[in-house]
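Heads up: the structure comes next, in structure tokens.
2 protein chains.
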Amino acid sequence: MATLSDIALAAAINILSAFIFFVAFAILRLQPFNDRVYFPKWYLKGLRTDPVHGGTLMRKFVNLDWKSYVRFLNWMPAAIRMPELELIDHAGLDSVVYLRIYLIGLKIFVPIAFLAWAVLVPVNWTSDGLANSKLKNLTSSDIDRISISNVQSGSQRFWAHIVIAYAFTFLTCFVLLKEYEKVAAMRLHFLASEKRRADQFTVLVRNIPPDPDESVGELVEHFFLVNHPDTYLTHQVVYNANTLAKLVKKKKKLQNWLVYYQNKLERTSQRPEIKTGFLGLCGAKVDAIDHHNAEIDRLSKEIALERDKVTNDPKSTMPAAFVSFKSRWGAAVCAQTQQTRNPTSWLTDWAPEPRDVYWSNLAIPYVSLTIRRLIMAVAFFFLTFFFMIPIAFVQTLASLDGIRKSAPWLEPIISVPFIKSFIQGFLPGIALKLFLIFLPTILMIMAKFEGFGSISSLERRAAARYYIFNFVNIFLGNLLTGTAFQQLDTFLHQSANEYPITIGTAIPLKASFFISYIMVDGWAGIAAEVLMLKPLIIYHLKNFFLVKTEKDREEAMDAGSIGFNTGEPRIQLYFLLGLVYAPVTPTVLPFIIVFFGLAYVVFRHQIINVYNQEYESGAAFWPDVHVRIVIALIISQIVLMGLLTTKKAAQSTPFLIALPILTIWFHRYCKGRFESAFVKYPLQEAMMKDTLERATEPNLNLKAYLQNAYVHRVFKASLDEDDDEDGDSQKWETESVPVPTKRQSRRGTPVPSKISVSGASSPSLPERQSRRSTPVPSKISVSGASSPSLPDSSFRSPPEP
Amino acid sequence: MATLSDIALAAAINILSAFIFFVAFAILRLQPFNDRVYFPKWYLKGLRTDPVHGGTLMRKFVNLDWKSYVRFLNWMPAAIRMPELELIDHAGLDSVVYLRIYLIGLKIFVPIAFLAWAVLVPVNWTSDGLANSKLKNLTSSDIDRISISNVQSGSQRFWAHIVIAYAFTFLTCFVLLKEYEKVAAMRLHFLASEKRRADQFTVLVRNIPPDPDESVGELVEHFFLVNHPDTYLTHQVVYNANTLAKLVKKKKKLQNWLVYYQNKLERTSQRPEIKTGFLGLCGAKVDAIDHHNAEIDRLSKEIALERDKVTNDPKSTMPAAFVSFKSRWGAAVCAQTQQTRNPTSWLTDWAPEPRDVYWSNLAIPYVSLTIRRLIMAVAFFFLTFFFMIPIAFVQTLASLDGIRKSAPWLEPIISVPFIKSFIQGFLPGIALKLFLIFLPTILMIMAKFEGFGSISSLERRAAARYYIFNFVNIFLGNLLTGTAFQQLDTFLHQSANEYPITIGTAIPLKASFFISYIMVDGWAGIAAEVLMLKPLIIYHLKNFFLVKTEKDREEAMDAGSIGFNTGEPRIQLYFLLGLVYAPVTPTVLPFIIVFFGLAYVVFRHQIINVYNQEYESGAAFWPDVHVRIVIALIISQIVLMGLLTTKKAAQSTPFLIALPILTIWFHRYCKGRFESAFVKYPLQEAMMKDTLERATEPNLNLKAYLQNAYVHRVFKASLDEDDDEDGDSQKWETESVPVPTKRQSRRGTPVPSKISVSGASSPSLPERQSRRSTPVPSKISVSGASSPSLPDSSFRSPPEP
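Protein sequences appear in the order of chains R and W. Everything in the first sequence is counted per full-length UniProt numbering, starting at 1 for the first residue and increasing by one. Everything in the second sequence is counted per full-length UniProt numbering, starting at 1 for the first residue and increasing by one.
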């Protein structure tokens, strides 16, 4: 057991490292040449420009204003100051609701900590269980003296812990209930106040049964004309456009090179030459610009051919379609009802946002889906409980003996002392570390294999699995000894009522371990997050070696996103630790509160300035967050029950059994009361928006608006690029919604983002400014994201004759 | 362990008693005075009349035709002969699908029995495990020699059992899959081919939020006019009509007496007189007919007053309404979608059939519902595991010592030898027996308290609970020793992997017990079912003492119904026993097959001739049946795993673990594939029916048809009776659907039910006849059932001026 001074030392080290990270961040973020690393979101929104213009060359790279260094923690209040409504406009509802998870942590654990320190600490401290048991050769520390370990077995003082457990449960449930209510209201308000978006009118139809006489497109049209005669508007068949995607990507790369060589020509007035062979190292020399022009022309023709093939060949049509309706009401009706007798064909569901669609999964048939789920369930079980086996195998191979055995001819090399110590000290650990780094990716691949149709649902699935993995391998794995598989074996050989006892006994013993875990992962780790070391290094490397054009520089920015699939399970671990330790070892609570507070500020800053959310699901993940906190609560109740049993306070067990039952009931109540807000779209809302829209814009050409909303991203990029000549871009102008922010064309406009430049001077954007950055209609922002040249060309250059 | 001869003796006894029941049934059913007991369904359908007309007085009561006694089992082939389609017309889909459960039993267990006897019995028989273990003082019988007990521990022969377990699983799943497919198709076909019914157009709206300015009716109208503008037709508010119901019942009783006295007057030409005091024993003498007429007039006025009060007083309006739409499509849309932001208000769901509505539960608010569910869940847990405690308490009280203690003044009475032996031998057992008899009623009351809105869902809920109770207290309770609570305690103190071992070891030991259970409950019990002893006695008692008028005689008939809430769990027990014993003790299988065969014939006969289903849910219970058989399959696999572990065949466990996983996956597949057919109503189907109807009946007045479909049963009865004068009955005649069968007016028509009169002469009704007995529009049959005078008066007498 660690003593208070041990903990204090560890805390000092971690606070120091967090402090160093913050100082480094404060210095780095003020340097203009890092601007695109620390404020990419503002660049992506077109509200910030390179600080290159004006000033000396020196000032271009280094900030020499010493005053700005003094207030190096100023970004923190700045991050907090932006009001929530404005933040929703700025970063979307997903990000704001994600931040609320940290807030919930504070709302739950601050009162819990006060209660625990006011009631439990005195009760524990004045007991003398440990003093008595010292006779039995047990050492104890100050931490143990204020934990439940200090209460004597069979003492009446445990009633305090039971009453407090009730208080904690009611408090947590109250906060959760209020929060669910609030988030559901926010979601509904967000959906209601949204501008017209394609996904409000559109339903994704999957598993369209094959028909010998009709193409998928005709089939869809006939089906919906018959079954939704009053509301059906149009549809968009899903094509298998993987080849096309490759070609378009290739062409884009070539165009990029062309710009680079044209720039070079302008600068040097010398026509650049390249070799056509392997990697430009061998082969005949040709004029670079001519060569690229020729290549691009060739590719354009190829793309046109491929596009024709995809649209005309029935084989590349997938049995799925996006069906759009004349009204939101029509779409809401279609999405929530069953279409035909066979519940596995003509499956309708809300279309995800266009940028949220995960295209390649749209055509998986029903039977295949169920089989994939089964396979992945089994695979995940083995991954969770047996992942140590292959790693142990790799570790054996990577040991000295292993290498000697499998590759005796390496003997001379591994005898070198440096390599020897490297292998001994580094290789075994690296296998495990690599696995843990790649685990979220593995889980994402598993989710993709399972066939979810949108990126948001993929992330939610991966998050659920990551949570279970963390629970088994971090929480249980550190509480109990042995690998997960050994634990599983132990559990199988134990009686069911011994589980809580096993875990309950281990809980107080491991308090100091988890405190240091919280400090390393939660304090220093979060502080490191704000420094963004990896994107910083990669950006500068790219900038130095790869960036050829202005567009390249833009693409070198790696804004990243919240990463729900890794971030949320990580928070949940803190909820679990906090709730489990609250009635047992209240010492843990302050550390958790610091984590939640720090993480809230850091992530709020990151969301304002850095992260660029790829999609907007309208906080669809909240039911998952809620249920996981409820699970943590139930686990904490069961563990306390087990612990009190070992403490011979068995007469109190009936009082504790009521707690999980009440909590499960609470969960069911919340589920029934709020969950549908995240799953369904009420007809009343739809009708209200429809009526309003009809009144305000009676002449709206909805069909034109929806026609190409759900074209495959790459397919549309190629369409837009090539079809500018056909006057196709005119249709954009018929729209009444705000036009997309034109990233490059806005460069140098007199709208510098006041908040992000100094964070100190003016805390928030003027109302008008932030309104301008409301979520642009997603369709356009997608096309704007994938091919940034589109909005420019379509708005600046008139259609060619 | 019972020997083969023991079993043979028990079988002989049970076969004999079954035989006696059948003979008794054959004799009793041929007696004309029992006709209404054994063929009530035909009376209720109006296809059979009292065999009173013609013949001597003797023949009126006793059947003297000796030939009809010879072929006393002839009802069996007759019961089987009616084709399934005709049976659906005759008795509804619920009954037919219920019969299919027995058929599934045959389909699963006949091939399983063949396989088991062909493979397992030789394998077990030729082993010598028991011969070896006899040295260890174990006795064994022939049954044990062909069970798995005879295979030596650690033998390689267990592979046969494992392979067979796979075969059983695949066979069962195959049958289940085919059956689910078939039943889903039957349900959809049934719904599609149904005549126009009110519930196809109607949605039940619950939890309408209170509005200070509008009444519920206005609120509903406005809400649906706004949110379903194209399809909304009309609505019917639900009233709290309990007082009215009482008054109407009282009036009906008085009218009945009036008819009795009028008959008496006709017969005796003497005006009957009664006393007005208590029970007609004291008070002033008055003329009975005048008195009753006056009373009926008074009540009619009271009813009119009360009706005005109910319809006009907003307090007696419940926040629920039946909303009808112009098309099935509109109703399907409304039933499957969410209406408002708040998922606990404006809850829409398919309206149950009018006769299926459970009125008093329609107004329970959401929060109350969730609390009720919680309370009932806890209550059911205690009921299942601790029901022995109050019974044991009653048994102590009812023992001699208990009575002596609590009521010493009874001492002289209980010293009488006869009373003493009665108390000792009978009272303790009667408490348990009474509890078990009332258990289904208790479970139904619990389901009602939970607030389900239709009788069919109440029965399904009660069935689920009864199944769990049976599983714990009959299956586990007889396998293991001690009460359910003691078992629970044992299980809690056992490790999780010992559960299957505990049960697995007990399974082969209890084979002979369950064989005799099957014979007593399954063979003799089913044979007793056909005899209908209780309804027979009650009918004759009523006939003798109470029946005053022809209508009374009709009401004295107790047709009963299948009783899904008790019948289905009982069948499931046999599935469980069969699947668990199939790989262990194949001897059990033939007994189960006999049960399923016998029960199929008996219940088919009962459904054709006796039961009168109260509602038609369209086989909505099938998903429950399916999932319970799957659970039985999984339990059998786990038990086999435990058994093989004790047999030291542990290396085979991994092969068995795959089975439950595959089975669970199979269940999920089936759920996704078929369940929605039982929950939702596809729009395509609705649209097809709408289109067809619009083409064939363009001038249909749907509003008139739907207007009073969902009036409270009693409220409607009073409406109809009193409003005949207002010409209200004319609307019935606008309907194109077949008019209700007029029970009394059809008396003596030339359509005797050929099938039921002799069961031997002509097996089935001519096609045309049975078509005429298609499900009549439910609304009318309800009113026809509650107040039989309505159809007569409305069809025979022209509306009074």
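Cβ atoms here follow ideal geometry from the backbone N, Cα and C, with glycine treated the same way.
Please check if any C-beta of chain W sits within less than 8 Å of the C-beta of residue i.
i, result
"THR344/R", "yes"
"ASP230/R", "yes"
"THR384/R", "no"
"ILE635/R", "no"
"VAL226/R", "yes"
"MET687/R", "yes"
"LEU188/R", "yes"
If we cut at 8 Å on Cβ distances, does residue i have a partner in chain R?
i, result
"ASP211/W", "no"
"VAL333/W", "yes"
"ILE538/W", "no"
"ARG341/W", "yes"
"ASP624/W", "no"
"GLN200/W", "no"
"GLN606/W", "no"
"ASN497/W", "yes"
"ILE501/W", "no"
"CYS336/W", "For clarity, residue 336/W is Gln in the given sequence; the question names Cys instead. For GLN336/W, the answer is yes, since a Cβ of chain R falls inside 8 Å of its Cβ."
Identify, in the order they occur along the chain, each residue of the same chain with its Cβ nearer than 6 Å to the Cβ of residue i, setting aside the five sequence neighbours on each side.
i, result
"LEU573/R", "ASN470"
"GLY402/R", "THR396"
"residue 814/R", "With chain R covering only 1 through 801, there is no way to say anything about residue 814/R."
"ALA686/R", "ARG328, TRP329 and ALA332"
"SER215/R", "PRO314"
Whole angstroms is fine: what's the gap from residue i's alpha carbon to residue j's?
i, j, result
"ASP349/R", "ALA18/R", "46 Å"
"LEU305/R", "THR276/R", "25 Å"
"PRO365/R", "GLY451/R", "9 Å"
"VAL238/R", "PHE170/W", "37 Å"
"ARG747/W", "TYR43/W", "At ARG747/W the pLDDT is 37, less than 50, meaning the model places this residue with poor confidence; the figure from the coordinates comes in the next sentence. The straight-line gap from Cα to Cα measures roughly 9 Å."
"THR587/R", "ILE468/R", "26 Å"
"ILE419/W", "ALA431/W", "17 Å"
"LEU177/R", "ASN473/R", "30 Å"
"ILE413/W", "THR311/W", "59 Å"
"ASP144/W", "PRO508/W", "8 Å"
"ILE289/R", "LEU247/R", "20 Å"
Can you list, in chain order, the residues of its chain with a C-beta nearer than 7 Å to that of residue i? Leave out the 5 residues immediately preceding and following it.
i, result
"THR234/R", "SER324, LYS703, LEU706 and GLN707"
"ILE592/W", "PHE109, ILE518, TYR574, LEU577 and GLY578"
Please check the pair residue i and residue j, which I expect to be a contact at CB under 8 Å, by giving their CB distance rounded to whole angstroms.
i, j, result
"LEU347/R", "ASN207/R", "5 Å"
"ILE108/R", "VAL584/R", "About 16 Å; that fails the 8 Å criterion."
"SER95/W", "ILE607/W", "5 Å"
Just to check, is the beta-carbon of residue i closer than 7 Å to a non-hydrogen atom of the ligand SAM?
i, result
"TYR574/W", "In the structure on display, the ligand SAM does not appear, and there are no ligands present to speak of."
Spatial neighbours of residue i within its chain, please: CB distance less than 8 Å, with the 5 preceding and 5 following residues excluded, ordered by chain position.
i, result
"LYS250/R", "LEU299"
Please state whether the Cβ-Cβ distance between residue i and residue j is less than 8 Å.
i, j, result
"ARG100/W", "ALA677/W", "no"
"SER200/R", "ALA321/R", "It should be pointed out that residue 200/R corresponds to Gln in this sequence rather than to Ser. No. Outside cutoff."
**OP:** Using a Cβ-Cβ cut-off of less than 8 Å, list which residues of the segment 664-682 of chain W approach chain B; keep chain order.
**Re:** In the structure shown, chain B cannot be found, because the protein chains are R and W.
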